Structures are given as C-alpha cells and as structure tokens.
Amino acid sequence: MNMNKHDNLLSVENLRVTFRMGAGERFEALKGVSFSVPRNTTVALVGESGSGKSVSSMAIMGLLPKSNTEISAESRLMFDGCDLLAETDAQRRGRAGREISMIFQDPMTSLNPVYRVGDQIAEVLRLHKPMSKAAARERAVELLREVGIPDPETRVRSFPHEMSGGQQQRVMIAMAIACEPKLLIADEPTTALDVTIQRQIIELLVKLKATHGMSVLFITHDLELVREIADHVVVMQNGVIKEQGPSAEVFTAPKDPYTRALLACRPTIDRRPIRLPVVEDFLAGREGQLPQGERQRGVSAEDPIVLEVKGLRKTFSVKTGIFRSREVPAVKDVSFKLARGKTLGIVGESGSGKTTLGKTILRLHSCQGGEVLYEGKNLLDLSDGDFRPYKRKLQIVFQNPYASLNPRFTVGDVLLEPMRIHGIHDNDRDRIDHVVSLLKRVGMPDSAFHKYPHEFSGGQRQRISIARCLTMKPEILVCDESVSALDVSVQAQVLNLLQELQDEFGMSYLFISHDLSVVKYISDDVMVMNKGEMVEYANSDELYRDPKHPYTQKLLAAIPGSRASA
Numbered sequence: 001m002n003m004n005k006h007d008n009l010l011s012v013e014n015l016r017v018t019f020r021m022g023a024g025e026r027f028e029a030l031k032g033v034s035f036s037v038p039r040n041t042t043v044a045l046v047g048e049s050g051s052g053k054s055v056s057s058m059a060i061m062g063l064l065p066k067s068n069t070e071i072s073a074e075s076r077l078m079f080d081g082c083d084l085l086a087e088t089d090a091q092r093r094g095r096a097g098r099e100i101s102m103i104f105q106d107p108m109t110s111l112n113p114v115y116r117v118g119d120q121i122a123e124v125l126r127l128h129k130p131m132s133k134a135a136a137r138e139r140a141v142e143l144l145r146e147v148g149i150p151d152p153e154t155r156v157r158s159f160p161h162e163m164s165g166g167q168q169q170r171v172m173i174a175m176a177i178a179c180e181p182k183l184l185i186a187d188e189p190t191t192a193l194d195v196t197i198q199r200q201i202i203e204l205l206v207k208l209k210a211t212h213g214m215s216v217l218f219i220t221h222d223l224e225l226v227r228e229i230a231d232h233v234v235v236m237q238n239g240v241i242k243e244q245g246p247s248a249e250v251f252t253a254p255k256d257p258y259t260r261a262l263l264a265c266r267p268t269i270d271r272r273p274i275r276l277p278v279v280e281d282f283l284a285g286r287e288g289q290l291p292q293g294e295r296q297r298g299v300s301a302e303d304p305i306v307l308e309v310k311g312l313r314k315t316f317s318v319k320t321g322i323f324r325s326r327e328v329p330a331v332k333d334v335s336f337k338l339a340r341g342k343t344l345g346i347v348g349e350s351g352s353g354k355t356t357l358g359k360t361i362l363r364l365h366s367c368q369g370g371e372v373l374y375e376g377k378n379l380l381d382l383s384d385g386d387f388r389p390y391k392r393k394l395q396i397v398f399q400n401p402y403a404s405l406n407p408r409f410t411v412g413d414v415l416l417e418p419m420r421i422h423g424i425h426d427n428d429r430d431r432i433d434h435v436v437s438l439l440k441r442v443g444m445p446d447s448a449f450h451k452y453p454h455e456f457s458g459g460q461r462q463r464i465s466i467a468r469c470l471t472m473k474p475e476i477l478v479c480d481e482s483v484s485a486l487d488v489s490v491q492a493q494v495l496n497l498l499q500e501l502q503d504e505f506g507m508s509y510l511f512i513s514h515d516l517s518v519v520k521y522i523s524d525d526v527m528v529m530n531k532g533e534m535v536e537y538a539n540s541d542e543l544y545r546d547p548k549h550p551y552t553q554k555l556l557a558a559i560p561g562s563r564a565s566a
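Each residue of the sequence shown is one higher than the one before, starting from 1 at the first, in my numbering.
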C-alpha cells in the first residue's frame, strides 16, 4: 500500500518467522512479509490454511512460542512509532488488550468456562485501568449492550456454555474493545457461524470501528466477506504476499493468478458451472480450458424415488433438576422425498434440526414417530440385525474428518475395516485392490494406503472419509456439513468430487449445510428448516429466485456479496 508512513498505525516490514520442528528440521512460515494497516481503516489478510495469516497476527500480538520460534533480526513491527519486536515481554503484555486486541476464531476455547462472562470482561478492564469491581461490572454491562447482547443486566451473570455461538463471539468482541484499543485483530471470527449470525457480527464490527475509531486487521479465507468489510486487501499464500491493494481494485482487476483462483473457486448463487475451478487451474494457466456452460438442476415427476420420509419426529430429554426433565422437540413432523441420482439440500441455522434429521434417518438417533421408507421397507421398524444390510446402502460423511477417522488406523485399515465387517469381496487381496482404486478415484496417491490420518490435510482427510463411504457402494450419502470447515479451494475440489461420483454412480445426496451458496450449487431441491420444522421446500432455482417464507428470505439476504432477489 502506497501510504505515507505517518498515516499507518501498523507497519509490518520484512517479517520472517521460522519454526524449529525438532531433529534439526526447520519450517519458514513467513518469508519476508510486508504490509501496513492505516489508521481508522480495515485491512483484510486473505489466504488458505497454511498461508501464514494467523502466524502474522500472533507475531503482532506477541503470542508466538519463544521456545521454538525464530523471528529475523531484520524484521520490524512498527506500531504507532514503536518497534514491537524491540519491546520487553512486560511492555508487550501492557499493550495487549489495551492498545492491540484480538478476537479468536473459536470463542469456546478462548472464554474461561468456569467464570461468568461479566467477570471475564471486568478482569480485562481492571487489569489495564484503575477501576473498582463495581465500576468494572457496570462497564461490562454497557459493553454487552453495545455488542447487542439482549438483557445485558441478566446475561452478565451467564456462563459461556449458556450462550449461543453468536452470543459467545459477541462476548469476545466486548472483551476485545473493553479498553478501546487502536488496533483490533479479528482472526476468522465468523468461520464457524451461521450465515445470519455471520452478517450480524460483520455489521457489528463495522459499527464498532466507526464508533471507536479503530483500525481492524480482518483475517479470513472468504473473499466475499472481505468485499463487504475491507478497505484494503492483502492476499497470502505459503508465507508470501501474492497481491495487495485497495479492495475495489483487487476485486475488479486481480493481478495474481492465485487471487483470481480464490475469487473463482467460491460457488455463487447466480451461477452453477459444470465444474468449479480450483487453484491449480489458475496456477497452471488452465483457466481458459475449463468446461463451459451451466449445470441444469431439478427433479421431474419421472425421476424414481429412492427414499421417502413421512412425519418424522425426534425429541430429546433434557434434565431440569435432579428428578425432573423435559422433552425438547428437535424434529417436528418432517416429510420429503429423495429422487435417485439427485441432491436434496437441507439448510437452516444451528439448532434448526438439520443434523438431527440426518442422523435419525440413518438410525444414529432413535425417534418418536414417523417412517423412513427405502425399497418399500420402513427402516425404523427393522431390528438391528435386519437393518445391518441396509447400512451399506446409506452412508454419512461427517463435518469433522479429524474426529471421524481413527487416528490409530492407517488409511488402508480405515477403508478395509467396513469391507471386512460387511463381507465385501472374498479375500483381503481383492479388498486391497478395491481400496487402492478408490483412493485413486478420490484423487489420493497409492502411498496414502500406509499413512495415518494426521499426515494429511483437512481436505485430504475428507476425501478419505468419502472413499470409506464408497467401499460400501452406497445409494444414499448424507453429507453433514462435510465442506463447511474447508478452505474455498479445497471445498471446490470436494464439491467437484461429489458431483463426479453422482454422475458416475447415480448416488443420491442429502446435503446438510448452513452455507447457502454451496447448497445452491449442488442441490436439485432445497428444504429449509427452522426450529425443527420444515418451513419451505422447492426446486433450488425457484427457491433462491423467489423465496416464500420470511425465514428463507432472511437467510438469503444474509449471504455475503448477494442480493436477496438474486
């Protein structure tokens, strides 16, 4: 950014960070990064996982572990005229929270679960300001009110687990702005949130920036969010800055192929390309060779129905005392049909019943009523023994491949186990051949067979999870937020893979997600859920073009970079 140095609150100059990995191995995470954050300005740091975004922010905050981190002597972090790297630990601690504050991605790992939220906000205030306990508590109430927490006088006494994800993030923001810092660093503050909560947090940050005259360093991998909030954009890849400049310039005329790739990988609600572009297409100069045209979606009356759900109901028993409990309905009388070779998108905010519905259909939850009809049989009436053959036909890909893959099994063991349990193929030699072919089918090398899950990236682990499902040759695949935690480029790879598998094998998908752009891209029909109820069901193009229910209209209006009428 060609700004006068006196206009910059923060200047990062030639930042080089190296991690010592053990056994003499070293990893250079940042390779001479330079950018600036002007006063009263929002700068977005954009890139995929491993690009160095969070390492940059941790270096600015002084949170990198000294035991295994080296910062080059030539690096400078100039904040308000002072080099942060030349300050003592005590000086850095004095600035943290008072002049430079940070909002982390996951509030539940940042908020202390055994302290009330008001006490945690008051602690920040009393640490940096001469304030009585009563004054700090009163100020905590004011801060909760400022960030939009309802009934702050009561909620100040709440514990973090008693608040929703969006409210927890608002508490984190209240703590961050408590001492009115000059610089607020927001590290992926909306990644795990529903689209409506995400929009609320973005609007809140914009309002607080204007009210407090702060500068904001906003870290994300989602360029559509950046379009809405940032004045300047810095694009990073593998510890190097690929492009930086005013937001409007970067979006209208991106110069670097990597920036163009990040913009093109993300599905939008106004286009449905036959194949989503991926980063490699742009870096290899293949962007002009991508398949042309739009993929047609929809279900016709002639399409055979593979699964029919009628009046499904599910409630959970929640304890309200030692001897008392109450029933909480999670799925309320939901009915739908899934056609062979088609995708039904299921959308809604957290707590809408999406995941519970998917798990109940697969009998991972018991239910209180309804039918799940497959091949003319109600799967909910079958005994465990009678249901076992149907497990092969209905599989699920979970959101978190870290948790769904056994860390003690090699990838080969992960894929062979279900085949042995269900007696697929006569011997291990044939099973191994089948596993190797499946790994190749999902874009994994043969060498993956002998490796462990922790040796792969998140996107690769998700591919392995899909390959495990394919060992069963399923007809129905439930994708439960299976691309939500992935970078946009890896997300595009997995979506392309799911589409290729559907084209080749005619599988049907129940695609559960809160990402409405992704759902529009991959779905033929869309079902909208709210508080356990189905509030709207329609062809995907029709629903996005003309949503009928106010809740659907609210969801679509919250999509970053979209228009409700799109």
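Glycine residues also receive a C-beta, built at the ideal position from the N, C-alpha and C atoms. It should be emphasised that the depicted structure is a prediction, and the values quoted were computed from it without experimental measurement.
Rounded C-beta distance between residue i and residue j? I'm assuming under 8 Å.
i: A44; j: V233; result: 5 Å
i: Q237; j: G32; result: Incorrect: roughly 14 Å between the Cβ atoms, too far for contact.
i: S489; j: Q462; result: Incorrect: roughly 13 Å between the Cβ atoms, too far for contact.
i: H425; j: H434; result: 6 Å
i: V235; j: D222; result: Not quite, the Cβ-Cβ distance comes to about 13 Å (not below 8 Å), so this is no contact.
i: K359; j: I476; result: Between I476 and K359 the Cβ distance is about 14 Å, and since that is not below 8 Å, they are no contact.
i: V535; j: V528; result: 5 Å
i: I202; j: G166; result: Actually they do not touch by this definition, with Cβ atoms about 12 Å apart.
I need the DSSP call for residue i, collapsed to helix, strand or coil.
i: T69; result: strand
i: R279; result: The residue asked about is misnamed: residue 279 is Val in this sequence, not Arg. Of the three classes helix, strand and coil, the one that applies to V279 here is helix, per DSSP.
i: C367; result: coil
i: D446; result: helix
i: V372; result: strand
i: M507; result: coil
i: M236; result: strand
i: E480; result: One point to set straight first is that residue 480 is Asp, not Glu, in the sequence displayed. Reduced to three states, the DSSP call for D480 is strand.
i: F387; result: helix
i: K337; result: strand
i: L405; result: coil
i: L10; result: strand
i: E327; result: strand
i: M175; result: helix
i: G298; result: coil
i: G345; result: strand
i: G165; result: helix
i: L193; result: coil
i: I202; result: helix
Taking only the alpha-carbon atoms, compute the straight-line gap between residue i and residue j and give it to the nearest angstrom.
i: S215; j: C479; result: 39 Å
i: E73; j: S51; result: Sequence inspection shows Ala at residue 73; the Glu mentioned does not correspond to that position. If I take the Cα positions, the gap works out to 22 Å.
i: H212; j: R16; result: 32 Å
i: V318; j: A339; result: 36 Å
i: A144; j: E455; result: Reading off the sequence, residue 144 comes out as Leu, not Ala. Answer to the nearest angstrom: the Cα atoms are 42 Å apart.
i: T190; j: D386; result: 44 Å
i: S54; j: A96; result: 16 Å
i: A564; j: A558; result: With a pLDDT of 36 at A564, under the threshold of 50, the predicted position of this residue should be treated as unreliable, though the coordinate-derived value follows. Approximately 8 Å between the Cα atoms of the pair.
i: G610; j: N68; result: Any property of residue 610 remains undetermined from this structure, which presents the chain solely from 1 to 566.
i: I361; j: S465; result: 20 Å
i: F398; j: D333; result: 24 Å
i: D430; j: G24; result: 42 Å
i: D487; j: R324; result: 44 Å
i: S75; j: A492; result: 36 Å
i: L276; j: Q499; result: 10 Å
i: T410; j: K473; result: 21 Å
Could you tell me if residue i is buried or exposed, where buried requires 16 or more neighbouring beta carbons within 10 angstroms of its beta carbon?
i: E302; result: exposed
i: Q296; result: exposed
i: H514; result: buried
i: F505; result: exposed
i: L470; result: buried
i: N8; result: buried
i: T154; result: exposed
i: M1; result: Legend: pLDDT at M1 = 49, less than 50; position of this residue unreliable, no value from coordinates given.
i: D524; result: buried
i: Y402; result: exposed
i: V156; result: buried
i: T109; result: exposed
i: D194; result: buried
i: E188; result: buried
i: F27; result: exposed
i: L495; result: buried
Quiz item: Where in the segment 13–62 do unbroken runs of the beta strand (DSSP E), each at least 3 residues long, occur, reported from the N-terminal end onward?
Solution: 25–38, 42–46
Quick one: complete alpha helix (DSSP H) runs, 4+ long, within the segment 115–145? DSSP runs (the alpha helix (DSSP H)) wholly in the segment 115–145: 117–128.
Report the residue ranges of all alpha helix (DSSP H) runs contained in full by the segment 410–440; include only those spanning at least 4 residues, in chain order. 411–421
Worksheet item: What beta strand (DSSP E) runs, 3 residues minimum, are completely inside the segment 526–556?
Response: 533–539, all fully within the segment 526–556.
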